[in-house]
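As you go down the protein sequences, you meet chains A and B in turn.
Everything in the first sequence is counted per the working numbering, starting at 53 for the first residue and increasing by one.
Everything in the second sequence is counted per the working numbering, starting at 53 for the first residue and increasing by one.
There are 2 protein chains.
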Amino acid sequence: MKRVRETKHAGVDVALGSRILEGDRRALSRAITLIESTKQGDQKAAEALLTSLLPRTGKGIRIGISGAPGVGKSTFIETFGQHLSREGRAVAVLAIDPSSRRSGGSILGDKTRMEKLARDPNAFIRPSPAGSTPGGVARRTRESMLLAEAAGFDVVIVETVGIGQAETAVADMTDLFVVLVAPGGGDELQGIKRGIMELADLLLITKADGDLEIAAKRTQADYDAAIRLTRSKYEGLPANVMRVSSLRDLGVAEAWSAMKTLHAALKRDGTLPKLRQEQSRRWFWQEIRTVIGETVLSDKKLARYAARLEGAVATGEALPYAAARTLIAAMR
Amino acid sequence: MKRVRETKHAGVDVALGSRILEGDRRALSRAITLIESTKQGDQKAAEALLTSLLPRTGKGIRIGISGAPGVGKSTFIETFGQHLSREGRAVAVLAIDPSSRRSGGSILGDKTRMEKLARDPNAFIRPSPAGSTPGGVARRTRESMLLAEAAGFDVVIVETVGIGQAETAVADMTDLFVVLVAPGGGDELQGIKRGIMELADLLLITKADGDLEIAAKRTQADYDAAIRLTRSKYEGLPANVMRVSSLRDLGVAEAWSAMKTLHAALKRDGTLPKLRQEQSRRWFWQEIRTVIGETVLSDKKLARYAARLEGAVATGEALPYAAARTLIAAMR
């Protein structure tokens with residue numbers, strides 16, 4: 053793969069926006085790089101670009117896909133993405149891997165994982181490098197999602213490994229949250245990350261073929277029972293539990309059909325626009341906290357002060373409210 | 053009950069601290085009223101008082117008790133509290149009722165609910181009035197808890213009705229979180245607030261007597277199974293599920309014994325001090341958000357600006373990060 057030399061001057065950045073709107077993948081890729089950059093100049097350019105593109109975002113079906121390592125996420129997305137492509141959909145896959153490092157290797161590795169999809173002209177695959185803060189990764193992924201929508205991708209998949217708070221973040225930036233589970237004995241129910249189930253709109257038991265078919269059926273039944281003990285995302289609308297074989301392309305079309313039906317229903321009854329508004333509001337207040345953190349950390353004196361206050365709070369020497377007021381007063 | 057006339061001048065407030073340290077309930081009650089006051093002068097006095105008492109806090113066993121309305125929380129706490137009292141413990145009960153209004157009626161009502169305990173010289177009962185923000189209620193309860201510890205109460209119970217985010221807040225300010233569940237058919241498992249189970253250190257099936265004894269046993273078995281599908285608060289330490297009859301005083305001593313054993317174990321292996329430090333740190337960052345909110349709202353121009361920015365974010369006109377930066381910049 054040839055690397056595009058990234059020359060940056062004002063003229064190019066203006067053009068970048070229109071190239072993205074034309075669906076230019078290279079421009080999209082460049083813009084995501086801009087978003088990921090920690091340089092202040094790049095950040096300003098990214099913000100201006102995103103703000104200019106905002107009116108052209110929001111039209112995609114946003115799907116979060118989560119699951120433990122080895123559950124078959126890449127294989128599923130590879131098959132799933134090709135289904136979407138055959139339907140004439142343009143699909144963008146953004147992968148958050150908290151364990152990955154920013155390197156050509158990681159990006160290459162990711163593209164290799166989904167070889168066919170990576171070559172599909174209707175698809176765009178981009179891993180999100182791990183950042184220093186989970187909040188940072190989440191913001192960059194949200195913003196990349198907006199860029200992908202502006203570039204005309206009508207399905208945006210955000211893939212995440214089930215580590216830490218990544219799932220919650222992904223569930224809070226997508227319309228539908230799909231959890232992948234590998235077949236296992238009934239005993240293994242407790243082995244998966246519990247608490248994620250209640251974020252799920254759809255649970256897919258993977259590898260439902262060959263030797264694992266029977267186990268997959270049993271796992272499906274187990275989760276079907278478990279899901280009834282779990283709070284569902286929408287009152288009275290428990291998550292669907294389905295089986296898929298990504299290798300043999302079984303159940304994948306049905307899964308997509310279930311997603312489309314749910315998405316359309318949520319859109320029709322006004323749940324979806326409300327959900328997105330709430331997500332944006334929460335995002336705003338999360339960013340306020342991020343900005344406070346950044347403001348504090350970018351100021352040596354303030355940073356030292358905050359660390360001292362936090363320490364005093366932890367050891368019970370200072371009252372959290374008083375310490376918070378002291379810090380904010382010092383900021384103003 | 054005679055109402056203590058609250059005269060406030062500097063001299064009294066200094067005395068208030070030492071009276072609290074002597075275990076004076078009237079002084080404790082007064083100090084909590086000071087915490088709950090929205091007057092700026094009172095808030096300053098409360099902050100000074102709390103800060104001076106901080107070194108004398110932390111010695112209590114902090115127990116959160118939650119459960120849906122009608123599950124028998126008051127009856128349980130009445131019996132439970134008397135057990136503690138007979139053991140020579142001083143017990144403070146702080147009740148958060150998000151639906152209650154600040155009124156003499158509510159306070160009286162609460163004391164009547166736990167008639168015997170309210171008359172017990174070893175007990176102190178105080179409802180937290182509902183505030184305008186859940187965060188506000190949480191802070192006042194945390195701070196009241198600290199005051200109760202300073203006043204020598206060695207068990208502090210924070211009671212909450214299972215509404216909204218109150219449970220999460222209570223679980224995050226206590227050492228042990230006890231969830232009360234009424235007996236019911238197996239089908240009713242899905243009727244309770246799911247997601248709370250994973251906060252629980254102990255699940256108590258109430259009303260395990262008379263006609264309901266068999267149902268209580270079945271419910272216990274159901275929850276015993278369900279708890280195994282739930283992430284436990286401490287890895288490899290699933291919550292205990294026990295039956296109690298508060299009316300006949302059955303199982304209450306055993307429940308207290310289980311709490312003491314767990315608390316001692318958590319203290320011994322260092323989990324408890326770590327938990328409290330983490331709670332305090334989270335509390336600090338929550339307060340920073342509260343303070344930002346207060347700072348914004350107390351300034352008419354800023355408040356209007358924030359509302360406009362939030363609206364623009366919700367409708368997709370503004371980028372959350374950019375809006376957050378704009379708001380913080382306007383604050384400085």
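Think of the CB as a built atom: it goes at the ideal place given N, C-alpha and C, for glycine as much as any other residue.
On a predicted model such as this, the values are computed, not experimentally measured, just so you know.
Considering just the uninterrupted stretch of the alpha helix (DSSP H) at residue i, what are its terminal residues?
i: B:ARG77; result: 77-88
i: B:ARG295; result: First-last for B:ARG295: 292-295, but that is the beta strand (DSSP E), not the alpha helix (DSSP H).
i: B:ALA97; result: 92-105
i: B:LEU169; result: 167-171
Report yes if the CB atom of residue i is closer than 8 Å to the CB atom of residue j, and no otherwise.
i: A:PRO235; j: A:ILE257; result: yes
i: B:GLU88; j: B:ARG165; result: no
i: B:ALA268; j: B:ARG300; result: no
i: B:LEU50; j: A:LEU289; result: The requested residue 50 of chain B is not part of the displayed model; chain B covers only 53 to 384.
i: A:ARG341; j: B:ARG341; result: yes
i: A:SER284; j: A:GLU219; result: no
i: B:LEU354; j: B:THR378; result: no
i: B:MET249; j: B:ILE279; result: yes
i: A:ARG108; j: A:ALA223; result: no
i: A:TRP308; j: A:PHE132; result: yes
i: A:ALA376; j: B:VAL343; result: yes
i: A:ALA221; j: A:ASP253; result: no
i: A:GLU195; j: A:ALA147; result: no
i: B:LEU73; j: B:LEU86; result: no
i: A:LEU281; j: A:ALA200; result: no
i: B:ARG77; j: B:LEU68; result: no
i: B:ARG384; j: A:ARG138; result: no
i: B:ASN174; j: B:VAL213; result: no
i: B:THR103; j: A:ALA374; result: yes
i: A:TYR357; j: A:ALA381; result: no
i: A:ASP263; j: A:LEU302; result: no
i: A:HIS135; j: A:ALA305; result: yes
Could you tell me the boundaries of the beta strand (DSSP E) in which residue i lies?
i: B:ARG178; result: 175-180
i: B:LEU146; result: 143-148
>> Below 8 Å, how does it come out for the region 81-96 of chain A and the region 120-133 of chain A: are there three or more Cβ pairs, yes or no?
In response: Verdict: no, contact absent.
>> Closer than 8 Å is the cut-off here; do at least three beta carbon pairs connect the region 316-329 of chain B with the region 216-229 of chain B?
In response: Touching, per the Cβ criterion.
> Should the region 111-122 of chain B be called in touch with the region 196-207 of chain B, which here means at least 3 C-beta pairs below 8 Å?
Replying inline: These segments touch.
> Quick one: complete alpha helix (DSSP H) runs, 4+ long, within the region 350-380 of chain A?
Replying inline: Complete alpha helix (DSSP H) runs here, min 4: 352-366.
> Of all the beta strand (DSSP E) runs that stay within the bounds of the region 304-342 of chain A, which reach a length of 3 or more residues?
Replying inline: Correct list: empty.
>> Output needed in chain order: residues of the region 74-108 of chain A with a Cβ under 8 Å from some Cβ in chain B.
In response: Of all residues in the region 74-108 of chain A, GLU99, LEU102, THR103, LEU106, PRO107 have a Cβ within less than 8 Å of some Cβ in chain B.
>> At 4 residues or longer, what runs of the alpha helix (DSSP H) sit wholly inside the region 199-283 of chain A?
In response: Complete alpha helix (DSSP H) runs here, min 4: 218-223, 265-279.
> Using 8 Å as the threshold, is the region 356-370 of chain B in touch with the region 329-340 of chain A, meaning 3 or more CB pairs across them?
Replying inline: Flag = yes, the region 356-370 of chain B and the region 329-340 of chain A touch.
> If you scan the region 110-140 of chain B from start to end, which runs of the alpha helix (DSSP H) of 4 or more residues do you find wholly inside it?
Replying inline: Complete alpha helix (DSSP H) runs here, min 4: 125-138.
>> So if I threshold CB-CB distances at 8 Å, which residues from the region 340-358 of chain A count as touching chain B?
In response: Sequence-ordered contacts of the region 340-358 of chain A with chain B read ILE340, ARG341, THR342, VAL343, ILE344, THR347 [C-beta pairs closer than 8 Å].
>> Tell me which residues of the region 368-383 of chain B have at least one Cβ-Cβ distance to chain A shorter than 8 Å, keeping chain order.
In response: Those residues of the region 368-383 of chain B that come within reach of chain A (Cβ to Cβ, closer than 8 Å) are GLY368, GLU369, ALA370, LEU371, PRO372, TYR373, ALA374, ALA375, ALA376, ARG377, LEU379, ILE380, MET383.
>> What are the residues in the region 269-290 of chain B lying within 7 Å of chain A by C-beta distance?
In response: Look at the region 269-290 of chain B: the residues with a C-beta under 7 Å from a C-beta of chain A are ALA278, ARG280, LEU281, THR282, ARG283.
>> For the pair the region 248-262 of chain A and the region 270-278 of chain A, tell me if three or more CB-CB distances fall below 8 Å.
In response: Judged by Cβ distances under 8 Å, the region 248-262 of chain A makes contact with the region 270-278 of chain A, as three or more pairs qualify.
> Taking any Cβ of chain A, which residues in the region 322-334 of chain B have a Cβ under 7 Å from it, in chain order?
Replying inline: Within the region 322-334 of chain B, the residues whose Cβ lies closer than 7 Å to some Cβ of chain A are GLN329, SER332, ARG333, listed in chain order.
> In the region 202-213 of chain B, which residues sit with their C-beta less than 7 Å from some C-beta in chain A, listed in chain order?
Replying inline: So the list is empty, because no residue satisfies the distance condition.
> Going along the chain, which residues of the region 110-137 of chain A sit with their C-beta nearer than 7 Å to a C-beta in chain B?
Replying inline: Correct list: GLY110.
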